[in-house]
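Written below as structure tokens is the structure these notes are about.
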Amino acid sequence: MSAPFGRRVAVVVSRVELGAYVVLEVADDATPAAPGQFYMLAAVERWGGGEDERPFLGRAISALAARGERRVAFLLEDVGPGTRRLCELEAGDDMYLVGPLGRGFVPPEDGQEALLVGGGVGIPPLAMFQEAWGGRALLGFRDAQRAPGASLFDNPEVATDDGSVGHHGPVTDLLDRVLGEGGEFVLYGCGPPGLLEALRVRALRHGVAAQLCLEAPMACGFGACYGCVVETTEGYKRICVDGPVLDAAVLV
Amino acid sequence: MSAPFGRRVAVVVSRVELGAYVVLEVADDATPAAPGQFYMLAAVERWGGGEDERPFLGRAISALAARGERRVAFLLEDVGPGTRRLCELEAGDDMYLVGPLGRGFVPPEDGQEALLVGGGVGIPPLAMFQEAWGGRALLGFRDAQRAPGASLFDNPEVATDDGSVGHHGPVTDLLDRVLGEGGEFVLYGCGPPGLLEALRVRALRHGVAAQLCLEAPMACGFGACYGCVVETTEGYKRICVDGPVLDAAVLV
Amino acid sequence: MIDFCGIELAHPVINASGCFDVLAARACFGEELIERFPFSAYVSKTVTLAPRAGNPPPRLWESAAGMINSIGLPNPGIEGYLDEHLGEYAKLGVPLITNVMGSTAAEFVALLAALEDRSEVAAIELNVSCPNVATGLDIGADPRGLRLLLEELRPLTQKPLIVKLTPNTADVGACASAAEEGGADAVSLINTLRAMALGYGGKPWLGGGSGGLSGPAIRAVALAQVASVAERVAIPIVGMGGVSSGADAAALLEVGALLVAVGTESFRDPAAGARISAELARLFAENAGS
Amino acid sequence: MIDFCGIELAHPVINASGCFDVLAARACFGEELIERFPFSAYVSKTVTLAPRAGNPPPRLWESAAGMINSIGLPNPGIEGYLDEHLGEYAKLGVPLITNVMGSTAAEFVALLAALEDRSEVAAIELNVSCPNVATGLDIGADPRGLRLLLEELRPLTQKPLIVKLTPNTADVGACASAAEEGGADAVSLINTLRAMALGYGGKPWLGGGSGGLSGPAIRAVALAQVASVAERVAIPIVGMGGVSSGADAAALLEVGALLVAVGTESFRDPAAGARISAELARLFAENAGS
Ligand SMILES: Cc1cc2nc3c(=O)[nH]c(=O)nc-3n(C[C@H](O)[C@H](O)[C@H](O)COP(=O)(O)OP(=O)(O)OC[C@H]3O[C@@H](n4cnc5c(N)ncnc54)[C@H](O)[C@@H]3O)c2cc1C
Ligand SMILES: Cc1cc2nc3c(=O)[nH]c(=O)nc-3n(C[C@H](O)[C@H](O)[C@H](O)COP(=O)(O)OP(=O)(O)OC[C@H]3O[C@@H](n4cnc5c(N)ncnc54)[C@H](O)[C@@H]3O)c2cc1C
Ligand SMILES: Cc1cc2nc3c(=O)[nH]c(=O)nc-3n(C[C@H](O)[C@H](O)[C@H](O)COP(=O)(O)O)c2cc1C
Ligand SMILES: Cc1cc2nc3c(=O)[nH]c(=O)nc-3n(C[C@H](O)[C@H](O)[C@H](O)COP(=O)(O)O)c2cc1C
Ligand code: FES
Ligand code: FES
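Protein sequence lines correspond, in order, to chains C, W, V and S. Just so you know, the first sequence maps onto residues 291 to 542 in this note's numbering. Just so you know, the second sequence maps onto residues 291 to 542 in this note's numbering. Just so you know, the third sequence maps onto residues 1075 to 1364 in this note's numbering. Just so you know, the fourth sequence maps onto residues 1075 to 1364 in this note's numbering.
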């Protein structure tokens, strides 16, 4: 299913704060996104003029959910001028939207149990995954301001770096426990680079498959600029079109 | 009286729409401005990212009034990305302020009658003049959306281009009538280039003095860039430091 | 219809080389891309003799009103291009321009030879200006060398040769003039300005060390360079650099360009080419009316 | 304290030539300007032998994250400068650098002679790079000519000579190196990039026809040029171009500048120099602590 060609204007229909995160719901009647797909977003008004006279380019943001009809939702954390401006948007504001883009997760085969391992603002693709295909969610957050992100999941197990909510330590502690219990697992991961690397190593060690949702600075999101590459066993791959979800086995 | 050195942050305390214009009142306890002086203004947040990725530089805006204590007011018309952003500011928003800058009007001598001839968004220096030193206000506006600017004056005579309010025609019609009545006049003018030129010509013709408040694109407002020059009988003069008010006799 | 070196184009807006990958775009946007193809001709990304992997990431830096790229010309090499890409591009239904870069004159000769009997290729753009590869820059910045290169290449092909000039030079007009004297059929400019950004800890951010600046930040530089080239040459000019609206495109045409290419703005809006060409048509209609 | 060509400076931030007129600023801001003077040295606007009126207005165009100026070097000529300005500048209490431009070597010789016995002048900056005046550009863009000019000028003065390089050149490193070989004590860069804008009706907006681009838009170009000059010369470098924060200044120092100059940002914030130098000090303190 392909995305509409070009950038369209969509209206923000709701803005909800979820701890340190902001959830924006946007009216859009294009093809719904699949779990792991993303959109390139920009504010229609005042995109620019922030820190270092940025943002200039759109920002890649994962679909959080295709809630109900003709809606797409996003989870945002203010980490720089682009996400700051997006986080500011209110219901009624206009947003530019390109997408859905990229290749999302492949669902598990019968008999396999999906382990969804997410960190911080990397959770949206996994929340959407769980909604579509189920799976057991193991989530890591920095602190209690971010742990409310877990409310997007059914029966999540939570770890926080500062121990304020759930297990005190990295989410990989939870994963190691589950992997230790044994089973036919497939790992689905999304989060900061360190977490993805930890998942890749565990997938190798335990001989389980892992699909990882990667990030890189992106200029276009549709394969035009060759800017978002990651090194794989088959050379550089563009994360925006060959990913963002890649099999851990191809990463080097 | 000199302006504080540097750019300071000031808070917008009120925003009122006056027809097509916006009046912003800003809290500031520096030296009050004299009639004809101006400030360089910019929004603290999101200055940039508008049309053509502008605004970038501050915008020269005349003081409208030093109303009450520790306040300065401005009258704005949205004519481009800079004034658009300033017009958007609400009470509580931060603004960068440099000023007061430039040389304002010199009050009339005893026995002289000040004729204040203003056009459109050029009226603020004249409103401030009238508050300080009196004078008879002749004001021209494009239409009924702009004519409410006249409410800033005592006993103004109004002309509009479309005849919707007051005299149907240019404000110079009003002026010609008054000049025809005879008297010891001094002209004080501020408005679009065409109006200023018409005032210069009439001042020459009737042998009366005229002080004109000029405009030019400005980068700095404090004489640093040499960008805002106008040709005079003594060569190029910087409008920001040698003006904005210049004697019509020096203009060529 | 515009006659560009004997090629008929429906409107004056084409893509800038390396800023639109139709194969990837088609995978993302499906047939709508073809039906609403935004450009009146399609310019390939730079092709070299041997395949290139490109520079290590990170390859992008967002700067004030623009971006810096250090992509490093990844491409499948001329053979891969001819075997895998060209046939697909031909389905677009617009004239195709192949952009090539050699690090020596002999490489350019071989590239031209490989393209000569491919009728799908309507014209060839010679990239003598890429700031990421030392050789491209050196040829393009030296008028004499550029003329000699063109004199060598011109007899080797029937196809129009467009020279993509480097903006990183003291006198771009002299370079354009040298290209014209050497037999170039058109010139295109500007390529990206050499630029750099530091990341955390003060180390160069880009995997390639430095890169090229594009986008609105360079628009006014592009306008000046196109204007000065237009004063020096009679051959058609493809103007580019920071074009993001019909007004920007109109300005380049006003100072002497025949075509306008859109690069970075397509990243922000994949259909930017079509929007810009529509805005341009509207501006022309307004001016004709007044 | 920083030792810049034997001159002691309190911090590494100075003004860019032509971007801060202390006499006008003092009229606007009074004694506070002197008490809180933002720069560790004061660089004059370019002075020429004869007085110049400058270009006809309009002289300014606001562009994406920057501005284009076509001021045209108005100045009272070297005599007017010495008689009316220098004495006032001397009251600032910081070392003074006089920026001069000649359209021939002979003019530079005369300018140096006029400055030689004025002890208020700590150093001389040679503007061989102004894009508004053809000659300045030509000398600065050609390494050989630049070396010859320096060889001629170097013996004529005891004062340090800073060469303000032109950025509108193929290889700024080669120019810097030529200046060093010719005897320059320091180089400064970048000057504005040649640029243009059209106004209503498609006519050039600027009274001077074209102008120079400055501000954040050129920041990444400045960083690349300063870095490439630093690889070629051992003499001190004054880096400038789009500096608007301590982080921008730190990046220029990181790639090899000894001082940083602030131009356009002073227009937006007259006290920008002081803010940038304070931010820089904070960054240094943080790094020293970590
Ligand atoms: C497929 C995908 C999905 C994503 N999904 C989400 C999501 O659902 N929610 C969410 O909040 N985020 C998501 N992100 C991350 C988000 O796109 C980036 O964090 C984005 O760059 C933030 O922009 P910013 O302006 O806020 O921050 P930036 O200032 O761009 O900082 C973000 C990071 O970019 C780098 N950086 C800093 N300055 C620059 C510069 N000038 N140029 C280039 N890089 C720079 C640094 O590594 C920095 O840590 C996703 C990213 C990808 C690729
Ligand atoms: C001393 C003084 C006092 C002023 N007082 C007031 C006041 O009280 N209220 C008020 O509303 N205005 C006032 N102005 C006018 C105001 O400063 C200008 O209109 C300002 O430039 C508007 O900025 P903008 O971004 O909104 O519009 P711009 O887009 O800057 O357009 C304004 C005009 O600038 C020119 N222009 C267009 N594009 C550019 C560009 N890229 N670069 C340079 N010039 C361009 C055109 O002539 C255009 O008509 C005053 C000006 C001066 C000099
Ligand atoms: C990501 C990227 C990749 C580019 N790749 C090429 C290329 O392969 N060959 C080439 O000649 N120019 C290349 N360019 C330069 C563009 O064709 C164009 O000259 C430049 O970006 C200025 O136009 P713009 O400001 O519209 O982007 C590239 C530019 C960008 C931003
Ligand atoms: C309005 C203006 C006037 C300038 N005048 C001069 C000048 O007289 N002599 C000179 O050497 N450079 C001049 N410059 C160039 C600056 O010194 C500086 O090299 C350039 O602006 C880049 O720095 P910035 O981006 O911080 O402004 C001028 C720049 C501007 C914007
Ligand atoms: S973001 Fe441009 S190719 Fe991936
Ligand atoms: S605005 Fe800079 S000198 Fe007047």
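We treat Cβ as the ideally placed atom computed from N, Cα and C, and that holds for glycine.
**Request:** For C:P534, write down the residues that DSSP places opposite it in a beta bridge.
**Result:** Counting from one through the first sequence, the residue named residue 534 of chain C turns up at place 244. BP columns for C:P534 point to C:R393.
**Request:** Would you verify that the beta carbon of W:W337 is, or is not, closer than 9 Å to some beta carbon of chain C?
**Result:** As a position in the second sequence, residue 337 of chain W is number 47, starting the count at 1. Interface residue, yes.
**Message:** I'd like the span of the alpha helix (DSSP H) that includes C:T462, first residue to last.
**Reply:** Here residue 462 of chain C refers to the residue found at position 172 of the first sequence. Membership of C:T462 in the alpha helix (DSSP H) is indicated by the continuous run 461–471.
**Extent of the continuous beta strand (DSSP E) run through S:D1077** = Here residue 1077 of chain S is taken as the residue at index 3 of the fourth sequence, counted from 1. That run of the beta strand (DSSP E) goes 1076–1078.
**Message:** Strictly by DSSP, which residues pair up with C:Q501?
**Reply:** In the first sequence, residue 501 of chain C corresponds to position 211, counting from 1. Its beta-bridge partners are C:Y478, C:D537.
**C:D342 at chain V interface by Cβ criterion, 9 Å** = Working through the first sequence from its first residue, we reach residue 342 of chain C at position 52. Judged by the 9 Å Cβ criterion, C:D342 is in contact with chain V.
**Asked** Does S:A1139 come within less than 9 Å of chain C when only Cβ atoms are used?
**Response** In the fourth sequence, the residue the question calls residue 1139 of chain S occupies position 65. Closer than 9 Å: yes.
**Message:** Can you check whether the C-beta of W:T523 is within less than 9 Å of a C-beta belonging to chain V?
**Reply:** Within the second sequence, residue 523 of chain W is the residue found at index 233, counting from 1. With 9 Å as the cut-off, W:T523 does not count as an interface residue toward chain V.
**Item:** Complete alpha helix (DSSP H) runs within the stretch 321–398 of chain C (minimum length 4 residues, chain order)
**Value:** Counting only runs of 4 or more, we get 371–378.
**Prompt:** According to DSSP, is W:G413 helix, strand or coil?
**Reply:** Within the second sequence, the letter at position 123 stands for residue 413 of chain W. According to the sequence displayed, residue 413 of chain W carries Ile and not Gly. In this structure, W:I413 counts as coil in the three-state DSSP scheme.
**Test item: CB-CB of V:V1334 and V:V1087 under 9 Å** = Locating residue 1334 of chain V in the third sequence gives position 260, counting from the first residue. Locating residue 1087 of chain V in the third sequence gives position 13, counting from the first residue. Yes, the pair counts as a contact, with Cβ atoms nearer than the cut-off.
**Asked** What do you reckon, is the C-beta of S:I1292 under 8 Å from a heavy atom of ligand 4?
**Response** Walking along the fourth sequence from the start, residue 1292 of chain S turns up at place 218. Correct: S:I1292 has its Cβ closer than 8 Å to ligand 4.
**Asked** Given that V:P1290 touches chain W, what residues does it touch there, using C-beta distances under 7 Å?
**Response** Along the third sequence, one-based indexing puts residue 1290 of chain V at 216. Residues of chain W passing the Cβ test: E343.
**Prompt:** Checking contacts by CB at 9 Å: is W:G296 closer than that to chain S?
**Reply:** Along the second sequence, one-based indexing puts residue 296 of chain W at 6. Yes, because at least one Cβ of chain S sits closer than 9 Å to the Cβ of W:G296.
**Asked** Considering only C-alpha positions, which residue in the set S:W1279, S:G1256, S:T1243 is nearest to S:N1265?
**Response** Stepping through the fourth sequence from its first residue, residue 1265 of chain S is reached at position 191. Of S:W1279, S:G1256, S:T1243, the residue nearest in Cα terms is S:T1243.
**Neighbouring residues, chain S, relative to V:R1293 (Cβ below 8 Å)** = Along the third sequence, one-based indexing puts residue 1293 of chain V at 219. Within 8 Å Cβ-Cβ: S1137, A1138.
**Supposed contact pair S:A1298 and V:M1141 - C-beta distance, whole angstroms, cut 8 Å** = Translated into positions along the third sequence, residue 1141 of chain V becomes position 67. Translated into positions along the fourth sequence, residue 1298 of chain S becomes position 224. Contact between V:M1141 and S:A1298 is absent: CB atoms are separated by about 14 Å, not below the 8 Å threshold.
**Request:** Give me the Cβ distance between V:S1091 and V:N1201, rounded to the nearest whole Å; I'm assuming they're in contact under 8 Å.
**Result:** Numbered from 1 along the third sequence, position 17 holds the residue referred to as residue 1091 of chain V. Numbered from 1 along the third sequence, position 127 holds the residue referred to as residue 1201 of chain V. V:S1091 to V:N1201, Cβ: 7 Å. Contact.
**CB contact check: V:G1276 to chain S, cutoff 9 Å** = Against the third sequence, residue 1276 of chain V aligns to sequence position 202. V:G1276 counts as touching chain S.
**Asked** Between which two residues does the beta strand (DSSP E) containing S:Y1163 stretch?
**Response** On the fourth sequence, residue 1163 of chain S is found 89 positions in, with the first residue counted as 1. If you look at S:Y1163, you'll find it isn't in any beta strand (DSSP E); it sits in the alpha helix (DSSP H) that goes 1160–1164.
**Check: V:G1151 C-beta below 8 Å from any heavy atom of ligand 2** = By 1-based counting over the third sequence, the position of residue 1151 of chain V is 77. Judged by the Cβ position, V:G1151 fails to qualify as a neighbour of ligand 2 at the 8 Å threshold, every heavy atom of the ligand being at least this far.
**CB contact check: V:A1250 to chain S, cutoff 9 Å** = Working through the third sequence from its first residue, we reach residue 1250 of chain V at position 176. Taking Cβ atoms only, chain S never reaches closer than 9 Å to V:A1250, which makes this a no.
**Residues that W:V542 contacts on chain S, provided the C-beta gap is smaller than 8 Å** = Here residue 542 of chain W refers to the residue found at position 252 when the second sequence is read from its first residue. Ordered by position in chain S, no residue passes the 8 Å Cβ test against W:V542, which lies about 12 Å from the chain.
**Request:** Can you grab the Cα-Cα spacing for the pair V:E1199 / V:V1237, in whole Å?
**Result:** Counted from its first residue, the third sequence places residue 1199 of chain V at position 125. Counted from its first residue, the third sequence places residue 1237 of chain V at position 163. Approximately 6 Å between the Cα atoms of the pair.
**Prompt:** In chain V, which residues lie less than 7 Å from S:N1242 when you measure between Cβ atoms?
**Reply:** Looking up residue 1242 of chain S in the fourth sequence gives position 168. Those are A1244, listed as they occur along chain V.
**Request:** Could you check the C-alpha separation between S:K1119 and S:T1172 for me, to the nearest Å?
**Result:** What you label residue 1119 of chain S is simply residue 45 of the fourth sequence in a count that begins at 1. What you label residue 1172 of chain S is simply residue 98 of the fourth sequence in a count that begins at 1. Answer to the nearest angstrom: the Cα atoms are 8 Å apart.
**Item:** Residues of the stretch 380–409 of chain W whose Cβ lies closer than 7 Å to any Cβ of chain S, in chain order
**Value:** Per Cβ criterion, the list reads V388, L391.
**Message:** For a test of the three-state rule: what should DSSP assign to V:A1084, helix, strand or coil?
**Reply:** The sequence position of residue 1084 of chain V within the third sequence is 10, counting from 1. Three-state DSSP puts V:A1084 in coil, outside helix and strand.
**Counterpart residues of V:G1285 in DSSP-defined beta bridges** = For the purposes of this step, residue 1285 of chain V is identified with residue 211 of the third sequence, where counting begins at 1. Answer by DSSP bridge pairing, in chain order: V:A1269.
**Message:** On the DSSP letters alone, give me the boundaries of the alpha helix (DSSP H) that V:V1261 sits inside.
**Reply:** What you label residue 1261 of chain V is simply residue 187 of the third sequence in a count that begins at 1. Counting along the chain, V:V1261 falls outside any alpha helix (DSSP H), though it belongs to the beta strand (DSSP E) covering 1260–1263.
**Asked** When DSSP labels each residue in this structure, what does V:P1112 get in the three-state scheme?
**Response** Locating residue 1112 of chain V in the third sequence gives position 38, where the first residue counts as 1. It is coil, neither helix nor strand.
**Prompt:** Which residues share a DSSP beta bridge with S:A1197?
**Reply:** Here the question's residue 1197 of chain S lines up with position 123 in the fourth sequence. Among the bridge pairs identified by DSSP, S:A1197 is matched with S:I1171.
**Asked** How close, in whole Å, do the beta carbons of V:L1015 and V:E1162 come, if the pair is a contact with beta carbons under 8 Å?
**Response** With chain V covering only 1075 through 1364, there is no way to say anything about residue 1015 of chain V.
**Asked** DSSP three-state call for V:E1339: helix, strand or coil?
**Response** Locating residue 1339 of chain V in the third sequence gives position 265, counting from the first residue. Helix, per DSSP.
**Request:** Work out the CA separation of V:E1305 and V:G1316 for me, nearest whole Å.
**Result:** Position 242 of the third sequence, counting from 1, holds the residue named residue 1316 of chain V. Position 231 of the third sequence, counting from 1, holds the residue named residue 1305 of chain V. Rounded to whole angstroms, V:G1316 to V:E1305 spans 21 Å at the Cα level.
**Request:** Verify the contact flag: V:E1136, CB atom, against every heavy atom of ligand 3, threshold strictly below 8 Å.
**Result:** By 1-based counting over the third sequence, the position of residue 1136 of chain V is 62. No, since every heavy atom of ligand 3 falls outside the 8 Å radius drawn around the Cβ of V:E1136.
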